[in-house]
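This report concerns only the one structure given below.
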Amino acid sequence: METRSAKRKKYWSEGENGIDRISDLPDVVLHQILFHLPIKSIAQTSVLSKRWRSLWSSFPDLDFTSINPIGVASTNAPNTKSSIKNKRLLLCPHSFSVKRLDFISQVLAFRDKQSDLRILRFRAPLSFSRLNGLIRLAVRQNVQELDVEVATDDYFNFPRSVLTSESLRVFKLRSRYPGFRLLPPSVMKGGFQSLHTLSLSLVILYDQPTLSDLFTDSSFPRLKKLNLDACFGLKQLKVSCLALEEFTLENCFQLHGLDVSGAKLKTLQVASCFDAYCDKSWVKINAPSLRVMVWEYNAITENSSLENLVSAHEASIGFFVLNEDFSVTKLRSVSNLLSALSRLHTLTLEGQCVEQVLSSRNYIANLMHPFDQLKSLELQTGFNKHNLPGLAYLFKCSPALHTLILKILNDYKIEQRKWNKDLWDMPSSEEQFWESQSQALKPLLNNLSVVKIHGFLECENEVSLAKFLLKHGKALQEITLFSGHCNYRDYLRRQKIRSQLMGFSRASSNAKIEFL
Numbered sequence: 001m002e003t004r005s006a007k008r009k010k011y012w013s014e015g016e017n018g019i020d021r022i023s024d025l026p027d028v029v030l031h032q033i034l035f036h037l038p039i040k041s042i043a044q045t046s047v048l049s050k051r052w053r054s055l056w057s058s059f060p061d062l063d064f065t066s067i068n069p070i071g072v073a074s075t076n077a078p079n080t081k082s083s084i085k086n087k088r089l090l091l092c093p094h095s096f097s098v099k100r101l102d103f104i105s106q107v108l109a110f111r112d113k114q115s116d117l118r119i120l121r122f123r124a125p126l127s128f129s130r131l132n133g134l135i136r137l138a139v140r141q142n143v144q145e146l147d148v149e150v151a152t153d154d155y156f157n158f159p160r161s162v163l164t165s166e167s168l169r170v171f172k173l174r175s176r177y178p179g180f181r182l183l184p185p186s187v188m189k190g191g192f193q194s195l196h197t198l199s200l201s202l203v204i205l206y207d208q209p210t211l212s213d214l215f216t217d218s219s220f221p222r223l224k225k226l227n228l229d230a231c232f233g234l235k236q237l238k239v240s241c242l243a244l245e246e247f248t249l250e251n252c253f254q255l256h257g258l259d260v261s262g263a264k265l266k267t268l269q270v271a272s273c274f275d276a277y278c279d280k281s282w283v284k285i286n287a288p289s290l291r292v293m294v295w296e297y298n299a300i301t302e303n304s305s306l307e308n309l310v311s312a313h314e315a316s317i318g319f320f321v322l323n324e325d326f327s328v329t330k331l332r333s334v335s336n337l338l339s340a341l342s343r344l345h346t347l348t349l350e351g352q353c354v355e356q357v358l359s360s361r362n363y364i365a366n367l368m369h370p371f372d373q374l375k376s377l378e379l380q381t382g383f384n385k386h387n388l389p390g391l392a393y394l395f396k397c398s399p400a401l402h403t404l405i406l407k408i409l410n411d412y413k414i415e416q417r418k419w420n421k422d423l424w425d426m427p428s429s430e431e432q433f434w435e436s437q438s439q440a441l442k443p444l445l446n447n448l449s450v451v452k453i454h455g456f457l458e459c460e461n462e463v464s465l466a467k468f469l470l471k472h473g474k475a476l477q478e479i480t481l482f483s484g485h486c487n488y489r490d491y492l493r494r495q496k497i498r499s500q501l502m503g504f505s506r507a508s509s510n511a512k513i514e515f516l
């Protein structure tokens, strides 16, 4: 009697009409189909026939990340014998890790030696010797993309076998804990001639805090994408690869100096970097092809020199400020950074730092170049009266603005601001301030078409700006007000203010006003 297992094998190989149509497909097509299956399911197809065993042994894309990644355990499995066994393995991570690594090693050893390995991905807690062994096996099989995430008992060194690989195009190495060390500069600079993507995370650099001659064109002649994350001990970094198009630097809190240059660099992202206590920090960027720049949660450097950003189109800017200490030097540094981006079409300002800087008493007036080509501005703001001069200055520097998006940071204290009972009968100080800016902001008011205010609580500052824009916005077509949290006791007053604001809109502007 034919078993169910035999029937399944027969159906896979012969189909309903007894004709094996799937197996006749070219290897490249079947490999592409198998690519969408978990690695264990792909391995199980090898029992169907010699044809499928050959496909498995030559399969070029090995992704083992579906086999319980680091720290992930399945909790929804039924209490079968196999699941109970798996739970026991999870209670003993070392045992589970060994079995997983044995499976990876066996697959690599089983592969057809004539078939090159295109992709190898795995996540596992393992020793440095096991890691080196797996990487050497992959390099011998001409691996093109190597994506590794590991957790080790101790620091380990950068795998030396990667340096001399002529086939490797993509290398990603992420350490969970405790991190890895780079090899001596004289050794590191001798490889990577074919690499076009490099991503390193949790690098220990206390012994070599300056990387000024590693990421050069001679060491990485084909590098297009570079991602460095959590480089502990790194104080100075220079990147000057001529082929580089994308560069990301994150979580380098001890950084003092950064020098980035590249004729083909199009995307630059720097986040959570620089030592806030360093009084000699600096940044230098020279990228004539740069299109997108993300500069978020970085400490303000003492000196900023950004040159040739003639192609910059979109940017997101934000700073981490320590005790709101705005020295004249740091204010000039922020101004230099923003002025270098004056050709932007889209700008996002994260946090309240920029408006605080522009409102600072130490700020040197007219130091920042206007954003003459800016079409869209998104701004996170605390919207308090102390920062209104900074907002007005920013609006003044954006004469061609089409879309303005304000995201009001409504924390608990801001939500407790008093309502102005005489808001409509007597102009508030905020409303008087905005009216005093009407002539200076005339170019903006003649172009601004769309306004969106998130976290709108109908408080004095917010209503005053909305009234000002409705009254003077010659090109204003729509204004959308997204309400934030509101206590029930304020509901009736809020509805009254909304009704009055709608009436004011009909009386002074043709703009469509919507509350969401």
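Residue 204 in the UniProt record's numbering sits at position 204 of the sequence shown; the count goes up by one each step and never skips.
Quick reminder that beta carbons are idealized off the backbone N, C-alpha and C, glycines included.
For clarity, every value in this text was computed on a predicted model and none was experimentally measured.
{"query": "Cut-off 6 Å between Cβ atoms - residues of its own chain near LEU237, not counting five sequence neighbours on either side", "result": "LEU211 and LEU258"}
{"query": "Reduced DSSP secondary structure (H/G/I, E/B, other) of ASP102", "result": "helix"}
{"query": "C-beta atoms of PHE247 and ILE204 nearer than 7 Å", "result": "no"}
{"query": "Bridge-paired residues (DSSP) for ILE405", "result": "GLU378 and LYS452"}
{"query": "Alpha-carbon spacing of VAL463 relative to PHE371, whole angstroms", "result": "26 Å"}
{"query": "Whether HIS196 touches ARG174 by CB criterion (7 Å)", "result": "no"}
{"query": "Check whether PHE122 and ILE104 have beta carbons under 7 Å apart", "result": "yes"}
{"query": "Counterpart residues of ASP213 in DSSP-defined beta bridges", "result": "The partner list for ASP213 (beta bridge, DSSP) is empty, contrary to what the question assumes."}
{"query": "Cutoff 7 Å: PHE156 Cβ touching any chain D Cβ", "result": "The displayed structure is made up of one protein chain only, and chain D is not part of it."}
{"query": "Top-ranked residue by Cα proximity to ASN132, from ILE497, PHE180 and ARG111", "result": "PHE180"}
{"query": "Test item: CB-CB of LEU501 and LYS474 under 7 Å", "result": "no"}
{"query": "Where PRO443 falls: helix, strand or coil (DSSP)", "result": "helix"}
{"query": "Sequence-distant residues of the same chain with beta carbon closer than 6 Å to LYS496, five excluded per side", "result": "none"}
{"query": "ALA511 - DSSP class collapsed to helix/strand/coil", "result": "coil"}
{"query": "Outcome for LYS512 when other beta-carbon atoms lying within 10 angstroms are tallied against a minimum of 16", "result": "exposed"}
{"query": "TYR177 in three-state terms, based on DSSP", "result": "coil"}
{"query": "Beta-carbon proximity check, VAL187 vs PHE215, cutoff 7 Å", "result": "no"}
{"query": "Range covered by the beta strand (DSSP E) that runs through VAL239", "result": "236–240"}
{"query": "Alpha-carbon to alpha-carbon, SER483 and LEU457", "result": "6 Å"}
{"query": "Three-state class that DSSP yields for LYS264 in the structure shown", "result": "coil"}
{"query": "The ligand SAM heavy atom lying under 6 Å from the CB of GLU458", "result": "This structure lacks the ligand SAM; in fact it carries no ligand of any kind."}
{"query": "Neighbourhood of LEU244 by C-beta distance below 7 Å, restricted to the same chain and skipping five residues each side", "result": "LEU223, LYS224, LEU226, GLY262, LYS264 and LEU265"}
{"query": "Sequence-distant residues of its chain with Cβ nearer than 8 Å to ASN447 (five each side left out)", "result": "PRO399, ALA400, LEU401, HIS402 and ALA475"}
{"query": "Contact under 7 Å by Cβ, SER58 with ASP147", "result": "no"}
{"query": "Buried versus exposed, by CB contacts within 10 Å (16 or more), GLY455", "result": "buried"}
{"query": "Straight-line gap, CYS459 to ILE405 (C-alpha atoms, nearest Å)", "result": "18 Å"}
{"query": "VAL260, buried or exposed, once every other Cβ within 10 Å from all chains shown has been counted against 16", "result": "buried"}
{"query": "According to DSSP, residues forming a beta bridge with THR152", "result": "Note: THR152 sits in no beta bridge, so no partner."}
{"query": "Separation of ASN298 from SER289, as counted between CA atoms", "result": "23 Å"}
{"query": "LEU409 vs GLN439 beta-carbon contact at 7 Å", "result": "no"}
{"query": "8 Å contact criterion, which LEU117 and ASN142 should meet: CB distance rounded", "result": "6 Å"}
{"query": "Rounded separation between ALA109 and ALA138 - CA only", "result": "10 Å"}
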